[in-house]
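So the structure is just underneath, and the comments pick up after that.
Numbering (full-length UniProt numbering), first residue to last: 1 to 371.
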């Protein structure tokens with residue numbers, strides 16, 4: 001008598017599709033996204049489609065994260081050089097044929113407008129992690145010098161667009177890999193001294209609007225209705241939130257539209273006004289949990305490539321949060337860096353979702369190796 005195949009339960013059939021996720025990391029990301037939806041519904045009240053589009057961005061980032069989580073680190077290692085090479089080629093194409101918007105040549109039309117510099121935020125640490133994996137037992141001055149060149153090439157191409165904010169993000173992502181690979185403290189000290197000595201040269205090479213941002217940071221009241229308006233209104237919003245905040249939907253600075261870009265770069269100012277210091281502490285704890293989980297994944301990674309890549313991606317999350325909160329609070333110049341997993345924006349969500357997916361892939365395949 002033929003044996004009837006046992007029907008698997010729905011749970012067992014769906015389980016393979018969800019085992020790719022690292023649940024501690026996924027829980028932290030879920031908390032950030034829920035917080036984003038709550039504050040976006042308030043900050044974007046004057047933009048009816050903004051919340052709907054943000055949810056779409058969440059779903060798109062989730063899809064990218066799921067795909068990345070299914071790609072083994074060994075495959076990522078093989079793709080490192082091609083992805084980096086394609087990214088550099090696209091940056092060169094932008095310099096030659098790119099679309100100019102608002103005085104900057106940052107986009108390339110390939111049926112739709114794309115911003116290739118975003119690719120390098122992941123491609124650069126991916127390439128450097130592969131490079132140091134190949135030279136795991138031969139890290140010397142020559143190795144670090146070649147790694148620095150791999151970082152400088154995209155940095156220069158992006159800075160010339162001009163897009164100094166993205167260029168610095170790409171450079172920092174590459175620096176984290178070099179640092180985690182064992183860059184000597186003497187080299188760090190030398191780089192610090194050289195950087196300080198080169199400040200006058202760097203100042204002379206900056207564009208006028210970049211120098212104005214630095215001067216505005218030093219004294220925003222010098223042009224309170226112009227260049228300093230963003231910082232001043234943001235600081236007022238943060239300060240007026242007090243300890244407990246004014247309450248959800250009751251932020252006067254955002255409601256009266258004094259806070260600029262309140263759903264994107266300055267979302268943190270709206271959040272601070274409505275939820276106050278207590279809310280800010282809660283948000284900081286969530287970001288600390290995100291960074292702690294990423295560092296734990298990096299520390300337990302099975303090889304040099306995975307360890308360096310996971311550490312760099314985690315520090316990218318830290319840099320996003322630190323720079324955004326710093327610029328909104330008036331301690332850093334205003335640059336186009338969103339609050340990770342919270343600010344409105346499609347491109348940034350794809351990049352961040354890709355990074356989170358890579359972390360999950362590293363964690364998942366470490367478990368598979370152990371079993």
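Virtual Cβ for every residue (Gly too), placed ideally from N, Cα, C.
If I follow the unbroken beta strand (DSSP E) through residue 101, where does it start and stop? If you number the chain shown from 1, residue 101 lands on position 101. Unbroken beta strand (DSSP E) run through residue 101: 99 to 101.
Cross-strand partners of residue 113 (DSSP beta bridge): Start at 1 with the first residue of the chain shown, and residue 113 comes out as number 113. Paired residue(s): 109.
From the DSSP output, which residues share a beta bridge with residue 104? Working through the chain shown from its first residue, we reach residue 104 at position 104. Bridge partners of residue 104: 101.
Tell whether a beta-carbon distance below 8 Å holds between residue 354 and residue 64. What you label residue 354 is simply residue 354 of the chain shown in a count that begins at 1. What you label residue 64 is simply residue 64 of the chain shown in a count that begins at 1. Their beta carbons are under 8 Å apart, which means residue 354 touches residue 64 by this criterion.
Under the rule that 16 or more other beta-carbon atoms within 10 Å means buried, what is residue 131, buried or exposed? Working through the chain shown from its first residue, we reach residue 131 at position 131. Looking at its Cβ environment, which holds 16 or more other Cβ atoms inside 10 Å, residue 131 is buried.
Keeping to the same chain, check which residues put their C-beta closer than 8 Å to that of residue 188; ignore five residues upstream and five downstream. Against the chain shown, residue 188 aligns to sequence position 188. Taken in chain order, the residues that qualify are 179.
Within 10 Å of its beta-carbon, does residue 75 have 16 or more other beta-carbons around it, so buried, or fewer, so exposed? Taking the chain shown and counting its residues from 1, one reaches residue 75 at position 75. Exposed is the call here.
Residue from 191, 72, 324, 122 with nearest C-alpha to residue 302: Sequence index remark: in the chain shown, residue 302 carries index 302 (1-based). Of the candidates 191, 72, 324, 122, the one whose C-alpha sits nearest the C-alpha of residue 302 is 72.
Along the chain, where does the alpha helix (DSSP H) that runs through residue 176 open and close? The count along the chain shown starts at 1 and reaches residue 176 at position 176. 164 to 180 is the extent of the alpha helix (DSSP H) around residue 176.
Cβ neighbours of residue 371 in the same chain (closer than 7 Å, five flanking residues each side left out): Residue mapping note: residue 371 aligns to position 371 of the chain shown, counting from 1. Note that residue 371 scores 49 on pLDDT, short of 50, meaning its location in the model is unreliable; the coordinates nonetheless yield the value given after this. None.
Measure the CB-CB distance between residue 117 and residue 156 and report whether it falls below 8 Å. Here residue 117 corresponds to residue number 117 of the chain shown, with the count starting at 1. Here residue 156 corresponds to residue number 156 of the chain shown, with the count starting at 1. For residue 117 and residue 156, no; Cβs fall outside 8 Å.
Are the segment 157 to 173 and the segment 301 to 318 in contact at 8 Å, needing three or more beta carbon pairs? yes
When the Cα atoms are used, what is the spatial distance from residue 70 to residue 20? Against the chain shown, residue 70 aligns to sequence position 70. Against the chain shown, residue 20 aligns to sequence position 20. So the two alpha carbons sit approximately 6 Å from each other.
May I have the straight-line CA-CA distance separating residue 232 from residue 221, to the nearest angstrom? As a first step, residue 232 is located in the chain shown; it is residue number 232 there, counting from the start. As a first step, residue 221 is located in the chain shown; it is residue number 221 there, counting from the start. If you take the alpha carbons of residue 232 and residue 221, they lie about 8 Å apart.
Tell me whether residue 371 sits in a helix, a strand or coil according to DSSP, three-state version. Sequence index remark: in the chain shown, residue 371 carries index 371 (1-based). Low per-residue confidence applies at residue 371: pLDDT is 49, beneath 50, and the placement is therefore not dependable, though the value from the model is reported in the following sentence. Here residue 371 sits in coil by DSSP.
First and last residue of the uninterrupted alpha helix (DSSP H) at residue 233: Taking the chain shown and counting its residues from 1, one reaches residue 233 at position 233. Start and end: 229 to 240.
Would you report the Cα separation of residue 230 and residue 306, rounded to the nearest angstrom? As a first step, residue 230 is located in the chain shown; it is residue number 230 there, counting from the start. As a first step, residue 306 is located in the chain shown; it is residue number 306 there, counting from the start. Looking at the two C-alpha atoms, the distance is approximately 40 Å.
Could you have a look at residue 339 and say whether DSSP puts it in helix, strand or coil? Position 339 of the chain shown, counted from the first residue, corresponds to residue 339. Coil, per DSSP.
With a threshold of 7 Å on Cβ separation, who are the neighbours of residue 122 within its own chain once the five nearest residues in sequence on each side are excluded? As a first step, residue 122 must be located in the chain shown, where it is residue number 122. Excluding sequence neighbours, residue 122 sits near 351, 354, 355.
Range of the contiguous alpha helix (DSSP H) that encloses residue 345: Indexing the chain shown from 1 puts residue 345 at position 345. Where residue 345 is concerned, there is no enclosing alpha helix (DSSP H), given that its DSSP letter is neither H nor E.
Please return the same chain residues whose Cβ sits closer than 7 Å to the Cβ of residue 50, not counting the five positions on each side in sequence. In the chain shown, counting from the first residue as 1, residue 50 sits at position 50. Closer than 7 Å at Cβ, skipping near neighbours: 40, 44, 263, 344.
For residue 212, the nearest candidate out of 201, 197, 228 (CA to CA): Here residue 212 refers to the residue found at position 212 of the chain shown. Per the Cα distances, 228.
For residue 277, which residues in the same chain have their Cβ closer than 6 Å to its Cβ, ignoring the five residues on either side in sequence? Numbered from 1 along the chain shown, position 277 holds the residue referred to as residue 277. Answer for residue 277: 243, listed in chain order.
Cβ of residue 261 within 8 Å of Cβ of residue 240? The sequence position of residue 261 within the chain shown is 261, counting from 1. The sequence position of residue 240 within the chain shown is 240, counting from 1. Going by C-beta atoms, residue 261 is not nearer than 8 Å to residue 240.
Below 7 Å CB to CB, which residues in the same chain sit around residue 77 once its five sequence neighbours on both sides are set aside? Stepping through the chain shown from its first residue, residue 77 is reached at position 77. Only 130, 133, 305 meet the Cβ criterion.
By how many angstroms is the C-alpha of residue 337 removed from the C-alpha of residue 166? What you label residue 166 is simply residue 166 of the chain shown in a count that begins at 1. What you label residue 337 is simply residue 337 of the chain shown in a count that begins at 1. Roughly 8 Å separates the two Cα atoms.
Enclosing alpha helix (DSSP H) for residue 248 [first to last residue]: Taking the chain shown and counting its residues from 1, the one referred to as residue 248 is at position 248. No alpha helix (DSSP H) contains residue 248, which DSSP labels as neither H nor E.
Contact set for residue 31: own chain, Cβ-Cβ below 7 Å, skip 5 residues either direction: As a working note, residue 31 is residue 31 in the chain shown. Cβ neighbours of residue 31 beyond the five flanking positions: 286.
Count the other C-beta atoms from every protein chain shown that fall within 10 angstroms of the C-beta of residue 142, then say buried if there are 16 or more, exposed otherwise. Position 142 of the chain shown, counted from the first residue, corresponds to residue 142. Looking at its Cβ environment, which holds fewer than 16 other Cβ atoms inside 10 Å, residue 142 is exposed.
If residue 366 and residue 22 are in contact, beta carbons under 8 Å, what's the gap, nearest whole angstrom? For the purposes of this step, residue 366 is taken as residue 366 along the chain shown, with counting starting at 1. For the purposes of this step, residue 22 is taken as residue 22 along the chain shown, with counting starting at 1. Their Cβ separation, rounded to whole angstroms, is 10 Å, which puts residue 366 and residue 22 out of contact at 8 Å.
From the DSSP output, in three-state form, read off residue 4 for me. In the chain shown, counting from the first residue as 1, residue 4 sits at position 4. Bear in mind that the predicted position of residue 4 carries a pLDDT of just 48, short of 50, making it too unreliable to give a figure here.
For residue 26, the nearest candidate out of 58, 250, 90 (CA to CA): Position 26 of the chain shown, counted from the start, is the residue given in the question as residue 26. Cα-wise, what sits closest to residue 26 is 58.
Checking 8 Å against the spacing of the C-beta atoms, do residue 292 and residue 328 come in under that value? Here residue 292 corresponds to residue number 292 of the chain shown, with the count starting at 1. Here residue 328 corresponds to residue number 328 of the chain shown, with the count starting at 1. No, the Cβ-Cβ distance between residue 292 and residue 328 is not below 8 Å.
Taking DSSP as the reference, what is the three-state secondary structure of residue 354? The sequence position of residue 354 within the chain shown is 354, counting from 1. Note: residue 354 maps to helix in three-state DSSP.
If you check the beta carbons only, do residue 54 and residue 42 fall under 8 Å apart? By 1-based counting over the chain shown, the position of residue 54 is 54. By 1-based counting over the chain shown, the position of residue 42 is 42. Contact: no.
Would you kindly report the start and end of the unbroken alpha helix (DSSP H) that includes residue 135? Residue 135 sits at position 135 when you count from the first residue of the chain shown. Per DSSP, residue 135 belongs to no alpha helix (DSSP H) and is neither H nor E.
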